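Residues in the sequence shown are numbered from 1 upward in steps of one, following UniProt numbering.
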Amino acid sequence: MIYLLLSVLSSMAIFVLFKLFDKFKINTIQAIVVNYVTAFSCGFFFYEGTIEPEIANTNWFFAAIALGFLFIAIFNVMALTAQRNGLSVVSVASKMSVIIPILFGIIIYNESTGVLKIVGVILALVAVYLTSVKQKDDAVLTQSLYLPVILFLGSGIIDTSVNHFAPKNEMQLFLAVIFGMAGCIGFFILGYKAIKLKQYFQLKSVPFGIALGIVNYSSMYFLLKALHVDGFESSSVFTINNVAIVAFTTLTGLILFKEKISRKNWLGIIIAMVSIILVTLNDGN
1 MIYLLLSVLS SMAIFVLFKL FDKFKINTIQ AIVVNYVTAF SCGFFFYEGT IEPEIANTNW
61 FFAAIALGFL FIAIFNVMAL TAQRNGLSVV SVASKMSVII PILFGIIIYN ESTGVLKIVG
121 VILALVAVYL TSVKQKDDAV LTQSLYLPVI LFLGSGIIDT SVNHFAPKNE MQLFLAVIFG
181 MAGCIGFFIL GYKAIKLKQY FQLKSVPFGI ALGIVNYSSM YFLLKALHVD GFESSSVFTI
241 NNVAIVAFTT LTGLILFKEK ISRKNWLGII IAMVSIILVT LNDGN
């Protein structure tokens, strides 16, 4: 459970940093690219093995390359969805996508489907929805409906693929390749913005991007470590991790940024705690 806790705390730190981006007028895409470079560096720094030329022949290398493309593509879809459909739609679509890796674990890995787990997963989805929906958010589901659908599928595919392809003994290297590819694409985007749109790089994006990269890498690494712990199934790990992030991030917004929490949000937080207990009890049996 310690790895899950560290993953949740790292994800909460990502939320706090994004809030600070807005406060200090940080260019998000610039900080995101620095974040990928930092996360890439973390992967190589913490990898204790020897990097062989045959790395391209591993069964995970090209999957990691594809995931790098998907990481930055879904980030841009997330931004477009927020602009056209509202923040609530972004939160719900990205977090409800947890159902994809849950179903993958149950169907492909033949993981358990006990009553406690089924009830826990259903409650988790309800909790995610109730906790994510914010008041006074102009969500327009009928406008650009394809965007939240792409976000839902893309986020679910990322979680599922990272779990399926990540090598147990080369997690750091696997993550380094993903973040490295995303960073390369990010540099092309920054170059285009600088040449065509005259949007030049701001040095103040660097420290925020470095901080984001450290916690971003940590959230992924600790999640992968949790997925490889004996006694916990991937469907349970994804359920607990996802619903805990949503609930605790909402509470963090209340405590640190004085955000308003509606009765629906509080109900969602309570249901989230119940769902975590049920799923944990199921795997404890």
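Note that the Cβ used here is the ideal one computed from N, Cα and C, for glycine as well.
Quick caveat: nothing in here was measured; it's all calculated off a predicted structure.
Whole-number beta carbon distance between residue j and residue i, since they are thought to touch under 8 Å
| i | j | result |
| --- | --- | --- |
| ILE100 | ASP22 | ILE100 to ASP22, Cβ: 30 Å. No contact. |
| THR252 | PHE15 | 6 Å |
| LEU80 | LEU147 | 6 Å |
| TYR217 | GLY43 | 7 Å |
| VAL237 | ALA226 | 5 Å |
Collapsed DSSP secondary structure at residue i in the structure displayed
| i | result |
| --- | --- |
| LYS23 | helix |
| GLU54 | helix |
| ASP230 | coil |
| LYS225 | helix |
| TYR146 | helix |
| SER262 | coil |
| ASN59 | coil |
| GLY43 | helix |
| GLY268 | helix |
| GLY49 | coil |
| MET1 | coil |
| VAL274 | helix |
| VAL133 | coil |
Test: residue i CB closer than 8 Å to a CB of chain B
| i | result |
| --- | --- |
| GLY253 | Looking for chain B here will not work: only one protein chain is present. |
Do three or more CB pairs link the segment 28-40 to the segment 121-135 at distances below 8 Å? no
Within the chosen definition, does the segment 197-216 reach the segment 243-258 through at least 3 CB pairs nearer than 8 Å? no
Would the segment 174-189 and the segment 99-114 be scored as touching if the rule is three or more Cβ pairs under 8 Å? no
I'd like the ranges of any alpha helix (DSSP H) spanning at least 4 consecutive residues and lying wholly in the segment 62-121. 87-96, 99-108
If contact is defined by three or more beta carbon pairs under 8 Å, each pair taking one atom from either stretch, is the segment 235-249 in contact with the segment 63-75? no
Extract the residue ranges of the alpha helix (DSSP H) inside the segment 166-223, only unbroken runs of 4 or more that lie entirely within it. 171-196
Taking contact to mean at least 3 C-beta pairs separated by less than 8 Å, is the segment 230-237 in contact with the segment 51-60? no
Would you call the segment 2-19 in contact with the segment 150-165, where contact means no fewer than 3 C-beta pairs closer than 8 Å? no
Three-pair Cβ contact test at 8 Å for the segment 266-279 versus the segment 109-123: yes
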